[in-house]
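Colleague: Can you keep this structure in mind? I'll have questions shortly.
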Amino acid sequence: MKLASRRGKLPPIPTLAMNTKAAELKAQGVDVISFAAGEPDFDTPDHIKEGAIKALRDGQTKYTAVSGIPALRQAICDWVAEHKGVTYTPDEIICTVGGKQSVFNALHVLLEEGDEIVIPAPIWVAYEPVATLAGARVVRVETSEENNFKMTREELAAAMSPRTKLVVINSPCNPSGCVYTRAEIEGIAAEVLAHPSAMVLTDEIYGKLLYDGEEHVSIASLSPEMKARTLLLDGFSKTYAMTGWRMGYTCAPREIVKAMDTLQGQSTSNVTTFAQYGGIAALQGPHDFLDGGRAEHDKRRQAIVEGMNSIDGLSCVMPKGAFYVFPRISNLFGRQGPNGEITDSMDVGVYFLEHAQCAAVPGVGFGDDRYIRFSYATSLENVKEGIERLRAAVSLLG
Ligand code: PLP
131 MKLASRRGKL
141 PPIPTLAMNT
151 KAAELKAQGV
161 DVISFAAGEP
171 DFDTPDHIKE
181 GAIKALRDGQ
191 TKYTAVSGIP
201 ALRQAICDWV
211 AEHKGVTYTP
221 DEIICTVGGK
231 QSVFNALHVL
241 LEEGDEIVIP
251 APIWVAYEPV
261 ATLAGARVVR
271 VETSEENNFK
281 MTREELAAAM
291 SPRTKLVVIN
301 SPCNPSGCVY
311 TRAEIEGIAA
321 EVLAHPSAMV
331 LTDEIYGKLL
341 YDGEEHVSIA
351 SLSPEMKART
361 LLLDGFSKTY
371 AMTGWRMGYT
381 CAPREIVKAM
391 DTLQGQSTSN
401 VTTFAQYGGI
411 AALQGPHDFL
421 DGGRAEHDKR
431 RQAIVEGMNS
441 IDGLSCVMPK
451 GAFYVFPRIS
461 NLFGRQGPNG
471 EITDSMDVGV
481 YFLEHAQCAA
491 VPGVGFGDDR
501 YIRFSYATSL
511 ENVKEGIERL
521 RAAVSLLG
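Position one of the sequence shown corresponds to residue 131 (the working numbering), numbered consecutively onward.
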């Protein structure tokens, strides 16, 4: 049997691969601390579950409109207006099976052969493979640790061309945790507006996870002109601890939403009907639990950064958002482990897993092999224990 060659463009997802390896070791009874998963460590709040349970009991078990029930799309409009300062109408919203489907469908309705997409690196794993599958050329902008892994306006300008169809920004960013300031977002907007065919895909899925008084600025909020050039992606996974519900959404100009609706209609159709009611409960319910979660994450953030920087050979900048740190591990390259010389982030990831029993995700999957991603969405105890395990394991390298 010959599989379609198109699928060869899609690499396996590195974040999932490490999780699988860690799960295998755990199943063998090894006490692995997982810093690999990109999901909150608390359960979905009860009022959200109740929203979905009530919907099930009320018989909300049939198909809905592909883009979601009007009440959910209206709730998204209200939430986005309140939290991001951008006004949308329900026909500018499409609910998708996770933010992931938003990325997949948005890139597929916008990109084709001859188009270019500008993607700053390091960045979350999905954009590049999906853009490549859609036939576009990926123009990667290598950001620097010195600029906290943020793409400058100058770097963007150098990467853009008349063929640029889309520019991706992700603030707060997975994996670096960087957060773009208002001035930086304004600079990117000005550059995009100077290119008539370019649009922005802004992935704001970590927009509620900010520290040190940082401000979340949606590029769509800058002007009506910019809103018309923006696809705003958000979702329920990270903010409301709903990763398993598979709910995300895109806010975009009607024409784009309509095209995404048609594509989605040929694949999954609507997000699970009763889950949509949970989504309404999330958006319209109390949000005070977010402050507690943020304070908890903040303690872990401080502890993990301090811990990483106290280990010889590792260094780590303080992230301003999300729940990831992205320590530099390239100083370990050239050292000897039990499997031979450490040469890249994958070797480091395997060494950390096998000899420190700590699972993390090698930076190569995010576009920078000199780093590794740790999620600190785990207990402070685990963070502290993990640091000590890493310290011991690194000291054993020859
Ligand atoms: N965007 C970013 C930056 C992410 O890190 C993720 C998940 O890890 C997503 C989007 C998609 O999340 P989901 O499909 O669970 O909504």
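From the three backbone atoms N, C-alpha and C, an ideal C-beta is built for every residue, glycine too.
Cβ-heavy atom distance between residue 163 and the ligand PLP below 8 Å?
Modeller: no
Colleague: According to DSSP, is residue 342 helix, strand or coil?
Modeller: Coil at residue 342, not helix or strand.
Colleague: Assuming residue 140 and residue 263 make a contact with CB atoms under 8 Å, what is their CB distance in whole Å?
Modeller: 6 Å
Colleague: Give me the Cα-Cα distance between residue 190 and residue 407, rounded to the nearest whole angstrom.
Modeller: 9 Å
Colleague: Starting from residue 356, trace the alpha helix (DSSP H) in both directions and tell me its first and last residue.
Modeller: 354-357
Colleague: Can you name the start and end residues of the beta strand (DSSP E) that residue 248 belongs to?
Modeller: 246-251
Colleague: Residue 332 bridges to which residues according to DSSP?
Modeller: Residue pairing from DSSP places residue 332 in a beta bridge opposite 299, 362.
Colleague: If we ignore side chains and look at the alpha-carbon of each, how far apart do residue 203 and residue 381 end up?
Modeller: 10 Å
Colleague: For residue 499, count the other beta carbons within 10 Å of its own beta carbon; 16 or more makes it buried, fewer makes it exposed. Which is it?
Modeller: buried
Colleague: Does the structure place the region 208-225 close enough to the region 431-439 that three or more beta carbon pairs sit under 8 Å?
Modeller: no
Colleague: I'd like the span of the beta strand (DSSP E) that includes residue 224, first residue to last.
Modeller: 223-226 is the span of the beta strand (DSSP E), which, as asked, contains residue 224.
Colleague: Are the CB atoms of residue 286 and residue 309 within a distance shorter than 9 Å?
Modeller: no
Colleague: Enumerate, from N- to C-terminal direction, the unbroken alpha helix (DSSP H) stretches of 4 or more residues contained entirely within the region 446-479.
Modeller: none
Colleague: I need the DSSP call for residue 489, collapsed to helix, strand or coil.
Modeller: strand
Colleague: Quick check for students: name the residue ranges of the alpha helix (DSSP H) that lie wholly in the region 368-428, counting only runs of 4 or more.
Modeller: Unbroken alpha helix (DSSP H) stretches of 4 residues or longer found wholly inside the region 368-428: 384-395, 403-414, given in chain order.
Colleague: Nearest-angstrom Cα distance between residue 507 and residue 372?
Modeller: 14 Å
Colleague: Can you tell me the Cα-Cα spacing of residue 197 and residue 350, whole angstroms?
Modeller: When rounded, the distance between both Cα atoms is 21 Å.
Colleague: Output the distance between the C-alpha atoms of residue 311 and residue 293, rounded to the nearest integer angstrom.
Modeller: 27 Å
Colleague: I think residue 280 touches residue 256, with their Cβ atoms under 8 Å apart; what is that distance to the nearest whole Å?
Modeller: The Cβ separation is near 20 Å, so there is no contact.
Colleague: According to the Cβ coordinates, are residue 227 and residue 360 closer than 9 Å?
Modeller: no
Colleague: Considering just the uninterrupted stretch of the beta strand (DSSP E) at residue 272, what are its terminal residues?
Modeller: 267-272
Colleague: The ligand PLP and residue 202: does any heavy atom of the ligand fall closer than 8 Å to the residue's C-beta?
Modeller: In this structure, residue 202 has its beta carbon at no less than 8 Å from each heavy atom of the ligand PLP.
Colleague: Nearest-angstrom Cα distance between residue 283 and residue 516?
Modeller: 37 Å
Colleague: The beta strand (DSSP E) spanning residue 349 covers which residue range?
Modeller: Going by DSSP, residue 349 is part of no beta strand (DSSP E) at all; its letter is neither H nor E.
Colleague: Report the CB separation of residue 364 from residue 343 in whole angstroms; it is logged as a contact under 8 Å.
Modeller: Not really, about 22 Å apart at Cβ, beyond 8 Å.
Colleague: Just to confirm before moving on: does the CB-CB distance between residue 461 and residue 443 stay below 9 Å?
Modeller: yes
Colleague: Contact defined as beta carbons within less than 8 Å: I believe residue 509 pairs with residue 454. What is the distance between those atoms, to the nearest angstrom?
Modeller: That pair is no contact at about 16 Å.
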